[in-house]
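Reviewing the structure listed below.
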Amino acid sequence: MELFAQTVVNGLLIGGVYVAIAVGFSLAFGVLHIIDFAVGEWVILGALVGWTLTEWLAVEPLFLLPLVAVGFSLLGWIIQPLIRRVVTGDRPLPVLMGLVFTFGLGILAQAVAFLVWGINRRSIASGLGGQAFELHVAGISLTIPVLRLVMFVFGMAVVAAVSTILRRTRYGAAVRAAAQNPVMAGLLGVNVDRIGRIVYAAYAAITGAAGMFIGMLFAISPEVGLQYTTFAFFTVVLAGMGYVPGVPVAGLALGLLQSLVATSRLGPRYVYLVVFLVLYLILLVSPRGILRRGWA
Amino acid sequence: MQSHARIRTLAIGVVILLLLATACAPGKPAAEKRDYFKVGVVTSLSGSLANGGNITKRGYDYWADTVNEQGGIEVNGQQYRVELVFADAKSDPAQAAAAAERLVVEEKVDFIFGPYSSSATMGAAPIIEKHKMPHITGSAESPSIWKEGFRYTFGTIPAANLMAPAAVKTLAATDPTVKTVYVVGIDDPFASAVAEAFRDTAEELGLEVLEYTLVPSGADLSPIVSKAKAAAPDAFLFGGHPENHIALMKASQELGFNPKAFLIHWGVETADFLSGAGDQAEYVWGTTPWMPNANYSDPLWGDTKAAVEGFNLRHGRRPDYTETASAATGVVFMEALKQIETDGPPLDEQEKEALVEALENVSVTTWFGPVSFERSGEFMHDNIGLTVLTLQIQDGNAVVIGPPDQQEVKPRYPAPPWDER
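Taken in sequence, the protein lines are chains V and R.
Okay, so the first sequence: first residue is 0 according to numbering that gives the first Met the number 0, each after it adds one.
Okay, so the second sequence: first residue is 0 according to numbering that gives the first Met the number 0, each after it adds one.
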């Protein structure tokens, strides 16, 4: 029973990792209609930049998160017009164009990471790394790793913030209008280009910061970006493409499933097989994601 | 209509010209003499194994540069420079096969240095076999390669099931004794072979194996660690790569999993693991066929010390065992070349056959240690000349704790609880 409860906790915390990586990705797709294939490279760059800053400044990496987020939002702000050029105008299949373009950006980012950081595996040393607290519930003792919990909270907080801004503020209404019908929104006085830049900057900031957490929890090197692109992609597909409130549901479901399969009689070897199978079945039944709210 | 007819005529003309050109091309050009040996290298320079691929590359480059600095390989009184031709295996067995094919057919290399990773080697070896090309791999440790009985493929690093047992034996001989072990491996040919060898050796030594399980690379290890913690083994044996080892140690401390010993197969002494895992690397056991403070003679560098110093000058650190084993492949080829009748590069088919026979009989001490290849059985053409060492991280450094006749210091066992370190 204790193992089962701990497995659930582990699964939810793995889910937190997925949520943090996927939320920005979902936002970028929902608003800008860009399937950013470079999302894994943003994660890796966030981790590597975070590693360098931590080594240089010799401070707790969690304090550097805002710095990384600001830096990455600037980068996103600069890059977004390039992507916009590719996906707008008189081009056929803009979503596909965006996908191909960001795929290229991802390769470029990986190459740059190789040049700057080389091929070594690195991990960011956080004071919270390895720390945990015990929770006693109904005679069961649960171990809660602090750093994973912080990442979980980070992911959930970002989802809450993004959803609230989109649903409850005037600015959010403008963003939704720009997403639904950019031409009409533009005619009504919404600065669509500016919104695009801000949203992409926010996406880059969120994903870069998530990367820093990844760097603290695991070992990273420039070549593992694709793995995180895959995680983000599956989470967002399961959540419903572009539907931000679906991300926590999908992320936690994937994390739980992974954790439960790994400790089941089936064994960890079949983790991804089961995850893919479930994903496939859900999409077969509900192509618009687990909550049926995403893009078809 | 007329323009269509003209285009058709033109197209037919082009086809005829192309056919003529093909027919007139010389059938097989006579192999021109070269004043250097062309050495093909199949290894992963991109993709998920790029890190390991570059480790082998550094070893091969070190050998080639040293040979050229010394004037070249001496064959029948004449010296020939060497040139390495790289072909990227892209971390994919199929690409490794294509890369090997290209080296043989297009580049017409004289012999081949093999890939990092067992999976890439398994892709390249059948192609190398087909073309009867002498091939030594500096880094492939899966036992499945040697079970195939390839005639043209050799390896300088002992197979995982030659290495892993040594460490488990050291573990089993500790006091207080280890009774139960928990074995986990990453699900790739190399790491799963390691885990299998851990399990089999533990069973042979009468230890109770509480669990044996494989995990896909990239999967989070926290569920596995929690399950192992519930089983409370004396020792946790893990087959994987440095990124997995780092993730394992992080998850173990987070979840308070504290067996008396963690034993990982390779990479415990690498800078990646020591800096990545930080304090968590302390007390971890590992295994290696070689340490930089070894003392072997070497026909090219003189001895281990000189070779390690040379490497240190190039890279600012000491080499790991894979870099060393890769550099040693070149030395082994040099020794074998001395044994055959040849008028220099390029080597023809007969000379390549003679080279393979010479490799089968070679017995040379390199800075990596003694190299001689098994001639048959499940380890056919793997290096069986080495003594495998058991390591432990003590005060941030890897020290030799076994076998007994090589022991530098006693193992620190059992490892203290996480909160008392």
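C-beta atoms are modelled at their ideal positions from N, C-alpha and C, and glycine is treated no differently.
These numbers come from a predicted model, not from an experiment.
Based on Cα-Cα distance, which residue from the options lies nearest to residue i?
{"i": "residue 174 of chain R", "options": "R:234, R:198, R:336 and R:202", "result": "R:234"}
{"i": "residue 266 of chain R", "options": "R:50, R:401 and R:306", "result": "R:50"}
{"i": "residue 215 of chain R", "options": "V:246, V:43, V:191 and V:257", "result": "V:257"}
{"i": "residue 119 of chain R", "options": "R:152, R:297 and R:270", "result": "R:152"}
{"i": "residue 298 of chain R", "options": "R:75, R:368, R:343 and R:93", "result": "R:368"}
{"i": "residue 328 of chain R", "options": "R:70, R:99 and R:113", "result": "R:113"}
{"i": "residue 31 of chain V", "options": "V:255, V:19 and V:86", "result": "V:86"}
{"i": "residue 253 of chain R", "options": "R:326, R:87 and R:221", "result": "R:221"}
{"i": "residue 212 of chain V", "options": "V:153, V:222 and V:167", "result": "V:153"}
{"i": "residue 118 of chain V", "options": "R:203, R:241 and R:401", "result": "R:241"}
{"i": "residue 110 of chain R", "options": "R:136, R:97, R:77 and R:284", "result": "R:136"}
{"i": "residue 131 of chain R", "options": "R:145, R:100 and R:121", "result": "R:100"}
{"i": "residue 250 of chain R", "options": "R:344, R:383, R:219 and R:61", "result": "R:219"}
{"i": "residue 55 of chain R", "options": "R:323, R:90, R:194 and R:420", "result": "R:323"}
{"i": "residue 288 of chain V", "options": "V:25, V:16 and V:6", "result": "V:25"}
{"i": "residue 204 of chain V", "options": "V:73, V:191, V:2 and V:144", "result": "V:73"}
{"i": "residue 225 of chain R", "options": "V:144, V:92 and V:222", "result": "V:144"}
{"i": "residue 107 of chain V", "options": "V:120, V:78 and V:125", "result": "V:78"}
{"i": "residue 275 of chain R", "options": "V:191, V:130, V:120 and V:186", "result": "V:120"}
{"i": "residue 125 of chain R", "options": "R:230, R:147 and R:296", "result": "R:147"}
Which first and last residues belong to the alpha helix (DSSP H) in which residue i is found?
{"i": "residue 164 of chain V", "result": "145 to 167"}
{"i": "residue 238 of chain V", "result": "224 to 238"}
{"i": "residue 178 of chain R", "result": "Counting along the chain, residue 178 of chain R falls outside any alpha helix (DSSP H), and DSSP gives it neither H nor E."}
{"i": "residue 348 of chain R", "result": "348 to 360"}
{"i": "residue 199 of chain V", "result": "191 to 216"}
{"i": "residue 408 of chain R", "result": "Element bounds for residue 408 of chain R: n/a, residue is neither H nor E."}
{"i": "residue 31 of chain R", "result": "Per DSSP, residue 31 of chain R belongs to no alpha helix (DSSP H) and is neither H nor E."}
{"i": "residue 119 of chain V", "result": "It is not in any alpha helix (DSSP H) - residue 119 of chain V carries neither H nor E in the DSSP assignment."}
{"i": "residue 9 of chain V", "result": "1 to 31"}
Could you give the residue range of the beta strand (DSSP E) that holds residue i?
{"i": "residue 314 of chain R", "result": "Looking at the DSSP string, residue 314 of chain R is not in any beta strand (DSSP E); the run it does join, the alpha helix (DSSP H), is 303 to 314."}
{"i": "residue 117 of chain R", "result": "Segment 117 to 129 is the alpha helix (DSSP H) holding residue 117 of chain R; no beta strand (DSSP E) there."}
{"i": "residue 153 of chain R", "result": "152 to 154"}
{"i": "residue 134 of chain V", "result": "131 to 136"}
{"i": "residue 42 of chain R", "result": "35 to 42"}
{"i": "residue 370 of chain R", "result": "368 to 371"}
{"i": "residue 388 of chain R", "result": "388 to 393"}
{"i": "residue 400 of chain R", "result": "396 to 401"}
Starting from residue i, find everything on chain V with Cβ-Cβ shorter than 9 Å and list it in chain order.
{"i": "residue 186 of chain R", "result": "267 and 268"}
{"i": "residue 373 of chain R", "result": "Within chain V, no residue comes near residue 373 of chain R; the closest Cβ sits about 31 Å away, beyond 9 Å."}
{"i": "residue 254 of chain R", "result": "5, 9, 131, 142 and 144"}
{"i": "residue 231 of chain R", "result": "In chain order: nothing, as chain V lies at least about 12 Å away."}
Going along chain R, which residues have a C-beta under 7 Å from residue i?
{"i": "residue 6 of chain V", "result": "222 and 225"}
{"i": "residue 216 of chain V", "result": "249"}
{"i": "residue 179 of chain V", "result": "Under the 7 Å cutoff, chain R gives no residues; its nearest Cβ is about 37 Å from residue 179 of chain V."}
{"i": "residue 128 of chain V", "result": "249"}
In chain V, what lies closer than 7 Å to residue i by C-beta?
{"i": "residue 277 of chain R", "result": "124"}
{"i": "residue 271 of chain R", "result": "119 and 120"}
At a CB-CB cut-off below 9 Å, which residues of chain R make contact with residue i?
{"i": "residue 47 of chain V", "result": "Under the 9 Å cutoff, chain R gives no residues; its nearest Cβ is about 13 Å from residue 47 of chain V."}
{"i": "residue 222 of chain V", "result": "45, 46, 47, 48, 49, 50 and 90"}
{"i": "residue 226 of chain V", "result": "47, 216 and 217"}
Please list, in chain order, the chain V residues whose beta carbon lies closer than 8 Å to that of residue i.
{"i": "residue 213 of chain R", "result": "266, 267 and 268"}
{"i": "residue 245 of chain R", "result": "120, 122, 217 and 218"}
{"i": "residue 241 of chain R", "result": "120 and 218"}
Can you pull the chain R neighbours of residue i, defined as C-beta to C-beta under 8 Å?
{"i": "residue 2 of chain V", "result": "225, 226 and 229"}
- request: Please list the residues of the stretch 145 to 157 of chain V that have a C-beta atom closer than 9 Å to any C-beta atom in chain R, keeping them in chain order.
  value: So the close ones are 145, 146 and 147.
query: What beta strand (DSSP E) runs, 3 residues minimum, are completely inside the stretch 58 to 112 of chain V?
result: none
field: Contained beta strand (DSSP E) runs [length at least 3] in the stretch 44 to 114 of chain R, N- to C-terminal order
entry: 72 to 74, 77 to 87 and 110 to 112
query: the stretch 237 to 271 of chain V: which residues have C-beta closer than 9 Å to a C-beta of chain R, in chain order?
result: 254, 257, 258, 259, 260, 261, 262, 266, 267, 268, 269, 270 and 271
message: I'd like the ranges of any alpha helix (DSSP H) spanning at least 4 consecutive residues and lying wholly in the stretch 265 to 345 of chain R.
response: 270 to 276, 303 to 314 and 320 to 337, all fully within the stretch 265 to 345 of chain R.
field: Near-chain V residues of the stretch 89 to 111 of chain R (beta-carbon distance less than 9 Å), N- to C-terminal order
entry: 90
- request: Tell me the start and end of each unbroken alpha helix (DSSP H) in the stretch 220 to 271 of chain R that is at least 4 residues and wholly inside, in chain order.
  value: 221 to 230 and 241 to 253
query: Just by C-beta distance, which residues in the stretch 29 to 62 of chain R are closer than 7 Å to chain V?
result: 46, 47, 49, 50 and 53
- prompt: Relative to chain R, which residues along the stretch 11 to 22 of chain V have a C-beta separation below 9 Å, given in chain order?
  reply: Along the stretch 11 to 22 of chain V, going in chain order, the ones with a CB nearer than 9 Å to a CB of chain R are 12, 13 and 16.
task: Could you name the residues of the stretch 122 to 140 of chain R whose beta carbon sits closer than 9 Å to any beta carbon of chain V, in the order they occur along the chain?
output: Within the stretch 122 to 140 of chain R, no residue has a Cβ lying closer than 9 Å to any Cβ of chain V.
- prompt: When you check each C-beta in the stretch 379 to 409 of chain R against every C-beta of chain V, which residues fall closer than 9 Å?
  reply: none
- prompt: Relative to chain V, which residues along the stretch 281 to 304 of chain R have a C-beta separation below 8 Å, given in chain order?
  reply: none
message: Quick check for students: name the residue ranges of the alpha helix (DSSP H) that lie wholly in the stretch 235 to 275 of chain V, counting only runs of 4 or more.
response: Those alpha helix (DSSP H) runs which fall completely within the stretch 235 to 275 of chain V and span 4+ residues are 245 to 262.
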